[in-house]
Amino acid sequence: MGEKFNIGIDLGGTKIETIVLKDELPIFRDRIPTEAEQGPDHILNQISKIYTQALDVVGSDDFTVGICTPGSIAPDTKLLRNSNTLCLNGTALHSMIEEKLNHSVEIENDANCFALAEATLGAGKGHELVFGIIMGTGCGGGFVFNNQIRLGPNLISGEWGHSVLYPDGNECYCGKRGCVETYISGGGLETQLKNHGINYSAKEFLNKKNKNELEIKIFDEFLNNFGRSVANIINSIDPDIIVLGGGLSNLTRLYSQGIEEIQRYVFSGSFKTPIVMNKLGDSAGVYGAALL
Ligand SMILES: [Zn+2]
């Protein structure tokens with residue numbers, strides 16, 4: 006059997022990163038700016054530019070190409086939706102890229118790529134059912150079984166951030182109230198802080214020493230809501246491991262007090278699911294893309 010090459014491209018709002026894996030080991034990596042303000046055609050040219058560099062390294066006709074990008078391809082229209090690179094929303098991104106690169110391409114959102122990369126090469130390696138959680142600006146997730154992303158009939162598997170925690174709770178951009186995302190994402194936490202007249206970023210707030218009484222209350226509620234939301238996942242699918250990613254996943258209290266809060270809501274006297282920090286950091290997206 007010949008060598009196995011996989012090209013991964015992480016298409017973000019500010020940078021496009023590529024990696025070439027040879028038998029799952031990286032042999033090339035580079036990044037260029039997205040320059041999204043110059044529009045979709047320019048972004049496609051940038052993708053093509055970095056892809057050509059990757060191709061030179063592969064030097065074989067036998068390889069796969071995967072793309073990781075925020076948002077998702079709507080199953081009915083095949084158009085991109087919910088991307089934070091706004092000019093790409095409503096475009097037929099998948100077919101446009103395939104045409105530009107003249108090669109078939111798999112495309113998947115960043116939370117699913119994160120979960121796949123951590124399950125295959127990162128903190129979840131060796132576990133059958135891995136749930137990956139991203140706590141960043143928003144709150145996403147991905148569900149990987151035997152190193153395969155589980156998508157489901159509605160392609161929303163892992164969209165745990167929009168399950169309702171409190172029916173009359175905070176308003177969410179998705180049109181519902183009380184979504185998990187409005188409580189435990191960076192953006193959600195910042196909105197809550199603003200409503201209390203506190204002008205810290207989520208990260209500044211979480212890491213702030215000497216919190217006052219109100220701040221301690223908000224912080225404890227944050228950990229409590231983290232516990233409730235994660236316990237809902239465990240009660241539903243009981244994954245073998247949960248890997249945390251995104252900007253808020255560095256908070257060490259999630260892995261001590263946060264785990265105690267989960268225990269309160271898990272339907273089992275003792276819960277042993279490992280809740281762990283990711284291993285691949287910012288690289289999970291591009292690795293996940295290559296593994297698609
Ligand atoms: Zn929502």
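Residues 6 to 297 (my numbering) are what the sequence shown spells out, left to right.
Beta carbons are placed, not taken as given, at the ideal position from N, Cα and C, and that holds for glycine.
Fair warning: this is a prediction, and the values are worked out from it, not measured in the lab.
- A distance below 6 Å between beta-carbons, with the five flanking residues on each side excluded, links K9 to the following residues of its chain, in chain order: D28.
- In this structure E195 does not touch I154 by the C-beta definition: roughly 30 Å separates them, more than the 8 Å allowed.
- Membership of I264 in the alpha helix (DSSP H) is indicated by the continuous run Q262 to Y270.
- By the 16-neighbour rule on beta-carbons within 10 angstroms, Y178 is exposed.
- Of the candidates L60, M101, S206 and L126, the residue whose Cα lies closest to the Cα of G286 is L126.
- Taking the C-beta atoms as reference points, G71 is found no nearer than 8 Å to S88.
- With fewer than 16 other Cβ atoms inside 10 Å of its own Cβ, P172 counts as exposed.
- With respect to L259, G141 sits apart: the two C-beta atoms are not nearer than 8 Å.
- Under the DSSP assignment, G13 falls in the beta strand (DSSP E) whose first and last residues are F10 to L16.
- Per DSSP, reduced to three states, the secondary structure at I223 is helical.
- Closest in alpha carbon position to H201, among L219, K208, G192 and G145, is L219.
- With contact defined as three or more Cβ pairs closer than 8 Å, the segment 270-283 and the segment 53-63 are not in contact.
- Residue environment analysis places P80 among the exposed positions, since fewer than 16 neighbouring C-beta atoms fall within 10 angstroms of its C-beta.
- Comparing C-alpha distances from I55 to each of I12, G163 and L30 shows the shortest one belongs to I12.
- Taking C-beta separations shorter than 8 Å and ignoring five residues to either side along the sequence, the partners of T39 in its chain run L16, G17, G18, T19, K20, I21, I48, Q51 and T90, following chain order.
- Secondary structure at L134: strand, using DSSP grouped into helix, strand and coil.
- Counting along the chain, C144 sits inside the beta strand (DSSP E) bounded by residues C144 to F150.
- Contact between G183 and V169 holds, since their C-beta atoms are separated by about 5 Å, short of 8 Å.
- A straight line joining the alpha-carbon of D46 with that of L93 spans about 10 Å.
- A straight-line Cα-Cα distance of about 33 Å links G180 and N217.
- Counting only the Cα atoms, L198 lies some 26 Å from Q268.
- Between ligand 1 and the CB of C92, the shortest heavy atom gap is not smaller than 7 Å.
- For S273 and Y205, the gap between their C-alpha atoms comes out near 37 Å.
- In the DSSP assignment, K27 falls within the beta strand (DSSP E) that extends over K20 to K27.
- T96 sits in coil when the DSSP states are folded into three classes, being neither helix nor strand.
- Closest in C-alpha terms to G129, from the list E111, V149 and F276, comes V149.
- For K222, the closest of V235, N159, I32 and I203 by C-alpha to C-alpha distance is I203.
- With 16 or more other Cβ atoms from the protein chains shown falling within 10 Å of its own Cβ, I102 counts as buried.
- Put simply, the backbone Cα of G95 is about 5 Å away from that of L84.
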